[in-house]
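If you count the first sequence from 1, position 196 lands on 196 in the UniProt record's numbering, and the numbers rise without skipping. No residue lacks a Cβ here, since even glycine has one placed at the ideal position from N, Cα and C.
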Amino acid sequence: MELAYIRDELKRKLSDSRNFLIESDRAVVIKADFPKSQYHFRVVAKDELRDITQLTEEQLPLLDHMMDLANQVIEKQDHLESRNFRIGFKVHTFWNRLNLHVISDDFYSMAMKRPQHWNSFNTELFLPLQMAHMLLSVQGSIEPIPEERLKELEHQMPLRCNQCDFSTDLLLDLKAHLYHHWLHKEGEREQKKKMDKIIQMLNEPMLDEAAKPKQLSEEPAQTQPVADIAPKRNPTQRKPLTPHQQQGKQQAQHGYDNLVYGPPVNIMNQNNPNNPFRNTPPFNIKAQALNPPRPMQPGFRSRGPRPFQRPMAPHSGPRFPPSHHQNRFRLPGYNAPHQPNPMVGGQAEPPGQQQGARPKTNRRYGSGSQHPNQKHKSQDKQLPK
DNA sequence: GTTCTAGAAC
DNA sequence: GTTCTAGAAC
């Protein structure tokens with residue numbers, strides 16, 4: 001397949017409205033094909049603009065409009081706020097159509113596979129929309145990044161966590177680290193949901209009381225049996241909705257919209273085997289519940305699936321692609337040299353350090369210089385706060 | 001942009 | 001033997 005054809009993929013997506021989460025006359029919002037975070041969208045311009053280097057002051061209103069669409073799609077995401085998102089352009093993009101990234105700041109994703117992926121969002125290679133706006137306002141254009149600088153930033157080491165001051169030369173370590181940040185935040189979100197529910201329950205009686213005088217005062221002239229006037233406790237009647245619930249109801253009423261905006265990817269995990277996130281841990285899902293063992297009949301050997309399936313390992317972390325060629329999840333410290341265990345007379349524990357190869361040198365970092373991977377071991381590990 | 005794989009390093 | 005990287009292929 002021709003590379004030029006692949007580069008035109010975003011243009012092709014513009015011709016099929018099924019891809020659109022939001023459409024306007026000047027741009028559309030689509031889901032990123034290989035999301036580098038749990039929430040990752042693109043705002044794709046309809047105008048024939050290849051990338052940010054083709055922008056001029058004339059496109060400032062377009063940028064404002066794309067920002068509006070970005071905020072619209074963020075508003076649709078449950079329990080997330082705009083401060084959890086980054087909105088900006090890649091300074092050097094593969095695709096042949098101007099597209100604005102709207103990406104959550106967890107960067108916890110199966111598709112994050114190379115240091116280049118990380119650096120493309122977490123170095124100067126990512127140009128926040130406000131910055132692009134300013135550059136166009138001030139100098140009227142955005143210069144392309146020099147090839148040499150591009151290569152330098154793509155391979156920049158160490159990789160620095162965007163949420164704390166952790167840094168590492170190994171993407172695998174960073175991914176494990178990011179996973180802990182994500183777990184922590186997910187826990188906070190769950191906590192917040194519970195608190196919302198409790199607050200709602202506490203407010204309910206007060207709302208009922210508040211409704212009584214209003215209902216009576218609305219029709220004072222009419223004489224009705226008390227039973228008709230008094231608020232009825234209908235068991236099927238809905239309780240007052242919280243603002244959050246109202247938003248949910250609104251979304252549910254727009255059935256199609258709801259499908260289009262879709263559930264967060266970590267919910268999609270459970271349903272879609274092709275979802276690139278499917279190896280991230282399916283939280284609150286019990287492996288046994290998904291795959292209950294069938295009782296073995298004595299003296300009868302059935303054909304087909306084995307009656308007893310080996311239970312799945314507990315989900316102690318994200319499980320990464322089945323291919324051994326792809327980088328897989330390791331617990332933090334997996335790559336660190338293992339220390340002798342003082343509890344067993346100074347003998348080494350089973351291997352904690354990976355056995356595989358790391359290049360001794362890397363031409364990109366200059367002859368004779370150490371490959372970054374060789375240096376990481378001495379660096380301090382730091383867990384998320 | 002992604003996937004696949006040969007070859008380097010261990 | 002395994003892991004990881006970089007480049008070819010798409």
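Compute the distance between the beta-carbons of residue i and residue j, then report whether it is under 9 Å.
i	j	result
ARG7	PHE121	no
ARG86	SER104	yes
LYS185	ASP78	no
LEU125	LEU150	yes
ILE52	ILE142	yes
PRO128	GLN156	no
LEU136	LEU49	no
GLN38	TRP182	yes
GLU23	SER15	no
ARG26	MET66	yes
ASP169	LEU153	no
GLU57	GLY140	yes
Residue i: buried (16+ other C-beta within 10 angstroms of its C-beta) or exposed?
i	result
LYS13	buried
ALA45	buried
TYR179	buried
LEU3	exposed
CYS161	buried
PRO35	buried
ASP64	exposed
LYS232	Note that LYS232 scores a pLDDT of 35, beneath 50, so its modelled location is shaky and nothing firm can be said.
VAL91	buried
VAL138	exposed
ILE285	For ILE285, the predicted structure reports a pLDDT of 26, less than 50, and the residue's modelled location is therefore unreliable. A value from the coordinates is still provided. Exposed: under 16 other Cβ atoms inside 10 Å.
MET1	exposed
LEU202	exposed
LYS193	exposed
ASP173	buried
Among the options, which has the Cα closest to the Cα of residue i?
i	options	result
VAL43	PHE20, MET1, THR56, GLY187	PHE20
LEU10	CYS161, LEU100, THR53	LEU100
LYS175	MET201, LYS113, SER82, GLU152	LYS113
GLU81	ASN71, ALA111, VAL138, HIS117	ASN71
HIS40	ASP165, GLN163, ASN84, LEU202	ASN84
LEU69	PHE89, GLU57, ASN96, VAL28	VAL28
LYS31	ILE74, LEU170, LEU202	ILE74
PHE89	GLY140, PRO144, LYS76, GLN191	PRO144
ASN119	HIS133, MET134, SER167, GLU190	SER167
TYR5	ASP47, ASN96, LEU62, ASP196	ASN96
LYS76	LEU62, VAL102, PRO61	VAL102
Length at least 3, wholly inside the region 27-114: the beta strand (DSSP E) runs in chain order = 27-31, 40-45, 85-90, 99-104
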